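Contents: one structure, followed by commentary.
Residue numbers (the numbering used here), protein chains in the order written: chain A, 1 to 246; chain B, 1001 to 1317.
Following this line, the structure appears as structure tokens:
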């Protein structure tokens, strides 16, 4: 299997503070990779470098065989990379339907339609329905996002990211702040995503990680501490020391 | 889900506006309504960037002034009497100006965007003041004549005919901007207003959308300026001054930003209150100021918001 995402010696420092140090990481197409590590390990910064939200201080990001280092988010999205955010980052004053539709129409090139009513584009509406249904939000579609429950907003985060038919989806703590029941349902929804969609998941919930991940990378103080099959990572004494706390 | 369509209410409004000059005995009311329609177009054009896209321009009078001066120079100085070429030149000038200013201004946001647009408008104002050979300086440019409506000889000279011309231009502008605002493109502008960073993450080249909105708003601002020059037969530097940018901003806010209809109502409200107050007291601006403060503090959604909230109450009662 070729690598879909390859990070080479990726580093990021903020005015002297080294958040990521020479991270090498390879994610194969179709893989589901979890990234774990204590708070402040640099996990979200890693996402921000890959998705174009931040510029790396050094190193390269290769996506789908192409050097994409420093490309802005909108170009990364067009290349097939989508992400969710640790803190909900939605259009609160718009409906759930419109949140997803904005993402769908960007991907379908429909956003440049200037004179068609927004609700007259059949393809866009069909895709919007499909994505909302996959995240179990279709019945809530006409609700303003600010009126959705926190858990529903977390699900919508994923729906908005899915809308652009990405090859690689970065999920930043998809179950953060959810009740155990909500977490279990969300894990099921993520597990039910198409197998050819490559996933990179930051997560703290161990049950969720072992249910979803094919491989796990452990980040500690900006460095890759371990990278491998879940059982091997679990058994790694270094990992047990810094993270699993056993 | 309800379909986006021009609602029947708009057709009724258009019918009322069409028949108005033929039922009113007062020539004065036709003049006032003409002015409201002119400023209605101006306010709608600002609404596209302020209300829909969330770009607070404090220099929109730049485009109004460019359109007004382009029209006055063509009509009074060069003797171009036909609406067609005047309209084309006005729109072309404003598109070029919109591209130049927009290219710079969209790199900023918030108060910096506001200051850049204000500075640009003040530059146009300075040019209107100082470039006397072209603009007449502080004396302004008199002698703008009512235009020929495309067909040579068909001059909209009579107040009723001129009113109908302005109504036509207003209606075309409204339908154009309404369709734009209801299109996927228009909804993308709202997305940018609500959450720019997420728009980028889902694949939008936000700057390109902002620039497009800015240029279109500028073009319609220019059309409003052209309508004003024909209406007033005279153009002078105060039409480009920052107070003119402030006035149109207030019209949008009073009427309800992001609704298109609201800014038209805001323009009507502003001009009617101004007319009523200024004939009653020389200190009318103090009263006007109080009215604005009340709106900004207590009627955030503007006149349209008052209407929709009131309507919701009636329906639930």
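Where is the CB? At the ideal position from N, CA and C, for every residue including glycine. From a predicted model like this one, the values you see are computed outputs, not experimental measurements.
Which whole-angstrom value describes the C-beta separation of residue i and residue j, a residue pair presumed to lie in contact below a C-beta threshold of 8 angstroms?
i                      : j                      : result
residue 1252 (chain B) : residue 1046 (chain B) : 5 angstroms
residue 225 (chain A)  : residue 218 (chain A)  : 4 angstroms
residue 1063 (chain B) : residue 1218 (chain B) : 4 angstroms
residue 159 (chain A)  : residue 1188 (chain B) : About 18 angstroms; that fails the 8 angstroms criterion.
residue 34 (chain A)   : residue 220 (chain A)  : Their Cβ separation, rounded to whole angstroms, is 15 angstroms, which puts residue 34 (chain A) and residue 220 (chain A) out of contact at 8 angstroms.
residue 49 (chain A)   : residue 56 (chain A)   : 5 angstroms
residue 1145 (chain B) : residue 90 (chain A)   : The pair is not a contact, with the Cβ atoms about 54 angstroms apart (cut-off 8 angstroms).
residue 137 (chain A)  : residue 184 (chain A)  : Not confirmed; about 17 angstroms, so no contact.
residue 52 (chain A)   : residue 73 (chain A)   : 4 angstroms
residue 1378 (chain B) : residue 1235 (chain B) : In this structure chain B extends from 1001 to 1317, so residue 1378 (chain B) is not present and cannot be described.
Buried or exposed: which applies to residue i, given that a residue is buried once 16 or more other Cβ atoms fall within 10 Å of its Cβ?
i                      : result
residue 1035 (chain B) : buried
residue 1003 (chain B) : Legend: pLDDT at residue 1003 (chain B) = 43, less than 50; position of this residue unreliable, value from coordinates given subsequently. Exposed, because fewer than 16 other Cβ atoms sit within 10 Å of the Cβ of residue 1003 (chain B).
residue 1202 (chain B) : buried
residue 87 (chain A)   : exposed
residue 20 (chain A)   : buried
residue 1001 (chain B) : With a pLDDT of 35 at residue 1001 (chain B), under the threshold of 50, the modelled position of this residue cannot be trusted, and the question is left open.
residue 206 (chain A)  : exposed
residue 44 (chain A)   : buried
residue 1192 (chain B) : buried
residue 1023 (chain B) : exposed
residue 1070 (chain B) : buried
residue 146 (chain A)  : exposed
residue 1210 (chain B) : buried
residue 1311 (chain B) : exposed
residue 1243 (chain B) : exposed
residue 1132 (chain B) : exposed
residue 987 (chain B)  : In the structure displayed, chain B extends from 1001 to 1317; residue 987 (chain B) sits before or after that span and is not available.
residue 194 (chain A)  : exposed
residue 1079 (chain B) : exposed
residue 105 (chain A)  : buried
Using DSSP bridges, identify the partner residues of residue i.
i                      : result
residue 198 (chain A)  : A:168
residue 216 (chain A)  : A:34, A:228
residue 203 (chain A)  : In DSSP, residue 203 (chain A) forms no bridge with anything.
residue 26 (chain A)   : A:6
residue 136 (chain A)  : Paired residues: none, contrary to the question.
residue 1248 (chain B) : None; residue 1248 (chain B) has no bridge partner.
residue 1234 (chain B) : B:1142
residue 223 (chain A)  : A:220
residue 17 (chain A)   : A:14
Helix, strand or coil for residue i, going by three-state DSSP, please let me know.
i                      : result
residue 1279 (chain B) : helix
residue 117 (chain A)  : coil
residue 1003 (chain B) : Legend: pLDDT at residue 1003 (chain B) = 43, less than 50; position of this residue unreliable, no value from coordinates given.
residue 141 (chain A)  : coil
residue 12 (chain A)   : strand
residue 1154 (chain B) : coil
residue 246 (chain A)  : Because the pLDDT of residue 246 (chain A) is 48, which lies under 50, any placement of that residue in the model is unreliable, and the question is left without a value.
residue 1135 (chain B) : helix
residue 1107 (chain B) : coil
residue 1060 (chain B) : coil
residue 1025 (chain B) : coil
residue 1169 (chain B) : helix
residue 1050 (chain B) : helix
residue 92 (chain A)   : coil
residue 180 (chain A)  : helix
residue 1205 (chain B) : coil
residue 1142 (chain B) : strand
residue 1016 (chain B) : helix
residue 1322 (chain B) : One cannot answer for residue 1322 (chain B) here, as it falls past the ends of chain B, which runs 1001 to 1317.
residue 148 (chain A)  : coil
residue 108 (chain A)  : coil
residue 1219 (chain B) : helix
residue 1149 (chain B) : coil
residue 162 (chain A)  : helix
residue 157 (chain A)  : helix
residue 233 (chain A)  : helix
residue 124 (chain A)  : helix
residue 98 (chain A)   : helix
residue 1045 (chain B) : helix
residue 285 (chain A)  : For residue 285 (chain A) there is no data in the structure shown, the boundaries of chain A being 1 and 246.
residue 87 (chain A)   : coil
residue 1241 (chain B) : coil
residue 1010 (chain B) : helix
residue 1199 (chain B) : helix
residue 173 (chain A)  : coil
Going residue by residue through the stretch 38-84 of chain A, where are the continuous alpha helix (DSSP H) segments of at least 4 residues, counting only ones entirely within it? 43-51, 73-79
Alpha helix (DSSP H) runs wholly inside the stretch 1252-1303 of chain B, at least 4 long, in chain order: 1261-1280, 1284-1298
Residues in the stretch 1172-1204 of chain B with C-beta within 8 angstroms of chain E's C-beta atoms, listed in sequence order? Absent from the structure: chain E. Protein chains present are A and B.
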